[in-house]
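Report on the structure given below.
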Amino acid sequence: MPPKGRVTAPVSLSPAAAKNGMGGKNDKNKEEKPKKLNAQQVALNNVVEVADRLYKQHEQERVKTETADQISRRGAILDAALEKERLRIDKAEHEKIVKEMEEREQLAYRECEKHRIWSRVPHASRLPQVDSESSINTFLAVWRDEEREYDKHTPLVTVINRRNSVGGGLQNYYFINGEFGVSPAARKKMVESELQQCLEAYELTEAIRLEADRSLTQLKMEDLTFFSKNIGKVCEQVLNSLDFITIHALLGYDVILEGPNSEFLTMSVPPTNPVVKYGLWVKVKETTRSFASMVFPNIAIRLDPKSSALPKLPKALGLSKENVAVRVIQLGFNPHEHHGSIGREFYALNCVIKLDLLNFTERPKHVGDWLYRSETEEAHALHLVPYPPEVLESNEEDLSLRVSFEAPNSIVMRHSSLLIGKWLEASKDWEPCSHTSASTDSTGTEGRRCVFATSEFATFAVLQEKGFDVPYEQWRLHPVSFDQVLMVLEGRRRGEGSDREFRILIQDAQCKLLAPEDPELAHLREIGLNLQH
Numbered sequence: 001m002p003p004k005g006r007v008t009a010p011v012s013l014s015p016a017a018a019k020n021g022m023g024g025k026n027d028k029n030k031e032e033k034p035k036k037l038n039a040q041q042v043a044l045n046n047v048v049e050v051a052d053r054l055y056k057q058h059e060q061e062r063v064k065t066e067t068a069d070q071i072s073r074r075g076a077i078l079d080a081a082l083e084k085e086r087l088r089i090d091k092a093e094h095e096k097i098v099k100e101m102e103e104r105e106q107l108a109y110r111e112c113e114k115h116r117i118w119s120r121v122p123h124a125s126r127l128p129q130v131d132s133e134s135s136i137n138t139f140l141a142v143w144r145d146e147e148r149e150y151d152k153h154t155p156l157v158t159v160i161n162r163r164n165s166v167g168g169g170l171q172n173y174y175f176i177n178g179e180f181g182v183s184p185a186a187r188k189k190m191v192e193s194e195l196q197q198c199l200e201a202y203e204l205t206e207a208i209r210l211e212a213d214r215s216l217t218q219l220k221m222e223d224l225t226f227f228s229k230n231i232g233k234v235c236e237q238v239l240n241s242l243d244f245i246t247i248h249a250l251l252g253y254d255v256i257l258e259g260p261n262s263e264f265l266t267m268s269v270p271p272t273n274p275v276v277k278y279g280l281w282v283k284v285k286e287t288t289r290s291f292a293s294m295v296f297p298n299i300a301i302r303l304d305p306k307s308s309a310l311p312k313l314p315k316a317l318g319l320s321k322e323n324v325a326v327r328v329i330q331l332g333f334n335p336h337e338h339h340g341s342i343g344r345e346f347y348a349l350n351c352v353i354k355l356d357l358l359n360f361t362e363r364p365k366h367v368g369d370w371l372y373r374s375e376t377e378e379a380h381a382l383h384l385v386p387y388p389p390e391v392l393e394s395n396e397e398d399l400s401l402r403v404s405f406e407a408p409n410s411i412v413m414r415h416s417s418l419l420i421g422k423w424l425e426a427s428k429d430w431e432p433c434s435h436t437s438a439s440t441d442s443t444g445t446e447g448r449r450c451v452f453a454t455s456e457f458a459t460f461a462v463l464q465e466k467g468f469d470v471p472y473e474q475w476r477l478h479p480v481s482f483d484q485v486l487m488v489l490e491g492r493r494r495g496e497g498s499d500r501e502f503r504i505l506i507q508d509a510q511c512k513l514l515a516p517e518d519p520e521l522a523h524l525r526e527i528g529l530n531l532q533h
């Protein structure tokens, strides 16, 4: 701050000094020469200039590339949108065509089903409709009513109406009772009728299985339970009917057996390629004796000792006791198939054998001209005797025996040994228990006879493993003509005796087997199959 009393005059600067913000000092520096840059500073400046130039060039290329990418992406998005719209239109058109084809397919199925149902009319079959549970129940109910009527025999009564005089009002009625017992002819007719009913029941189960297969091809899975249930009811009635035959055969064995001195009742239905083989041995003679073997004539089933070292059947069978009988049944189908095989290791083929040791109450007795038969409720029941018995007379006795049977033609024997299984009622399953060995028939030549050893009486069957022994590993198709194609199935055991190569000629809805030439497959070679039925 200037001192008081003095006035300071403003200092005027030159324009150059005012511009530079300084006075004379700047004027002095202006006169000095600029300093020269060193080489390092020059190089640094050059690098900065090059980097700046590269950066600007890179930015130009980046902007150019991004612009090209944006144009390309816009084009791809537009193409994708067009393709999406095209696919949407194609999908809608495809769904429309598929819906129309499904409607036509359903119409064709209904038309085919109508013709198939009407085609049954000319056959006039006694079998019920396989898709009607009420019809099947009626078939079984009539069957049971016939058995019930025979079981409680009511003699016929003949009524004669006679007038005292012509035009008289009084009438006399005479009642003549028929035979109180069932006649021998009626007893034999009953056995034949029941076995024929079993054959018809088998045909019914086969028809139901075909209908179940047809439902499976049409993906009607809910119908499979319905068909399986009906098959179970029919098979259960077949087993009950076989027991019914046995009960009344034991009640009247003196007139039902094949002859006055015979101890056997054997029948097969039908006579050729039988589906049911029934055999019953009844101890008629009261003498005590032993058995070297038990041969059931006409049905090719026999029981023999386990080995030639044992000349007789096991004593534990009790064949020397009173009122004893042995029943053998061979079925050409599996009566337990309706229990299912899903999740099981084995399934049964169409060869089931039942062995039963039986006991009955009393023998028919002759007193003068009268013949007495036991008609109690106990006599009208089947008494099964367990084998092996619960109590053995000797623990050292071998309880095993050999069962010989003839394998049906429906089984293709690819191996010399078949697997035998036993039915377990508790678990509703088959348990492997033995294997068959080769046998020779009466002529000494190898046939279809099989032998297996067992130490118990039960229900046996020829088993097949599931999913393990797959006989075929590949297939191929060969065109033959414009409407024919040859399908070849090749086995997995090439060169072995058990290998089979199947050749099937397919034409429209018909297929015919050309090879192999096994006798079991003669029906497929001669007639073939119609895929529409």
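Read in UniProt numbering, the sequence shown has 108 at position 108, and its numbers run on one by one without any break. Ideal Cβ positions, reconstructed from N, Cα and C, are used throughout, including at glycine.
{"Item": "Status (buried if at least 16 other CB within 10 Å, exposed otherwise) for proline 335", "Value": "buried"}
{"Item": "Proximity of leucine 195 and valine 269 at Cβ, strictly below 8 Å", "Value": "yes"}
{"Item": "Whether isoleucine 301 touches lysine 283 by CB criterion (8 Å)", "Value": "no"}
{"Item": "Per DSSP, the bridge partner or partners of serine 481", "Value": "Gln484"}
{"Item": "Buried or exposed by the 16-neighbour rule on C-beta atoms within 10 Å, applied to leucine 384", "Value": "exposed"}
{"Item": "Local Cβ density within 10 Å of proline 122, reported as buried at 16 or more and exposed below that", "Value": "exposed"}
{"Item": "Rounded straight-line distance, which links the Cα of leucine 216 to that of threonine 445", "Value": "With a pLDDT of only 40 at threonine 445, under the threshold of 50, the placement of this residue in the model should not be trusted; the figure read from the coordinates follows. For threonine 445 and leucine 216, the distance between alpha carbons rounds to 44 Å."}
{"Item": "Validate contact between the stretch 356-374 and the stretch 315-334 using beta carbons, cut 8 Å, 3 pairs", "Value": "yes"}
{"Item": "Range covered by the alpha helix (DSSP H) that runs through tyrosine 150", "Value": "133-151"}
{"Item": "Residues sharing a beta bridge with tryptophan 370, DSSP", "Value": "Val367"}
{"Item": "Distance between glutamine 218 and glutamate 111 (C-alpha atoms, nearest Å)", "Value": "15 Å"}
{"Item": "Assigned secondary structure, aspartate 429 (DSSP; H/G/I helix, E/B strand, else coil)", "Value": "strand"}
{"Item": "Status (buried if at least 16 other CB within 10 Å, exposed otherwise) for valine 98", "Value": "exposed"}
{"Item": "Inter-residue CB distance, phenylalanine 346 and leucine 463 (contact presumed, cutoff 8 Å)", "Value": "4 Å"}
{"Item": "Lysine 512 vs leucine 505 beta-carbon contact at 8 Å", "Value": "yes"}
{"Item": "Close Cβ partners of serine 320 (< 6 Å) along its chain, the five nearest in sequence each way excluded", "Value": "Thr288"}
{"Item": "Given 8 Å, three or more beta-carbon pairs between the stretch 135-144 and the stretch 230-239", "Value": "yes"}
{"Item": "Chain-order list of residues whose beta-carbon lies under 6 Å from that of glycine 252 (same chain, five-residue window excluded)", "Value": "Arg187"}
{"Item": "CA-to-CA distance, glycine 491 to arginine 500, given in whole angstroms", "Value": "6 Å"}
{"Item": "Coarse secondary structure for aspartate 254, derived from DSSP in three states", "Value": "helix"}
{"Item": "First through last residue of the alpha helix (DSSP H) which encompasses leucine 208", "Value": "Rather than leucine, the amino acid found at residue 208 in this sequence is isoleucine. Counting along the chain, the alpha helix (DSSP H) containing isoleucine 208 begins and ends at 184-217."}
{"Item": "Where glycine 232 sits in the DSSP three-state scheme", "Value": "helix"}
{"Item": "Segments assigned beta strand (DSSP E), at least 3 residues, entirely inside the stretch 272-315", "Value": "276-282, 294-296, 301-305"}
{"Item": "Where phenylalanine 460 falls, given that 16 or more other Cβ within 10 Å makes a residue buried", "Value": "buried"}
{"Item": "Straight-line Cα distance separating leucine 418 from leucine 271", "Value": "Correcting the residue type first, residue 271 is proline in the shown sequence and not leucine. C-alpha separation (whole angstroms): 25 Å."}
{"Item": "Range of the contiguous alpha helix (DSSP H) that encloses methionine 101", "Value": "39-119"}
{"Item": "Where the alpha helix (DSSP H) through leucine 418 begins and ends", "Value": "Run containing leucine 418: none; DSSP gives neither H nor E here."}
{"Item": "Backbone CA spacing between histidine 338 and isoleucine 208 [nearest angstrom]", "Value": "11 Å"}
{"Item": "C-beta atoms of proline 314 and leucine 399 nearer than 8 Å", "Value": "yes"}
{"Item": "Residue interval of the alpha helix (DSSP H) (run including arginine 525)", "Value": "522-526"}
{"Item": "Extent of the continuous beta strand (DSSP E) to which lysine 354 belongs", "Value": "346-359"}
{"Item": "Coil, strand or helix - serine 262 by DSSP", "Value": "coil"}
{"Item": "Three-state secondary structure assigned by DSSP to glutamate 406", "Value": "strand"}
{"Item": "Bounding residues of the beta strand (DSSP E) (the contiguous stretch that carries proline 384)", "Value": "Before going on, a small fix: residue 384 reads as leucine here, not proline. Where leucine 384 is concerned, the enclosing beta strand (DSSP E) stretches over 383-385."}
{"Item": "First and last residue of the uninterrupted beta strand (DSSP E) at phenylalanine 460", "Value": "459-465"}
{"Item": "Close Cβ partners of arginine 88 (< 8 Å) along its chain, the five nearest in sequence each way excluded", "Value": "none"}
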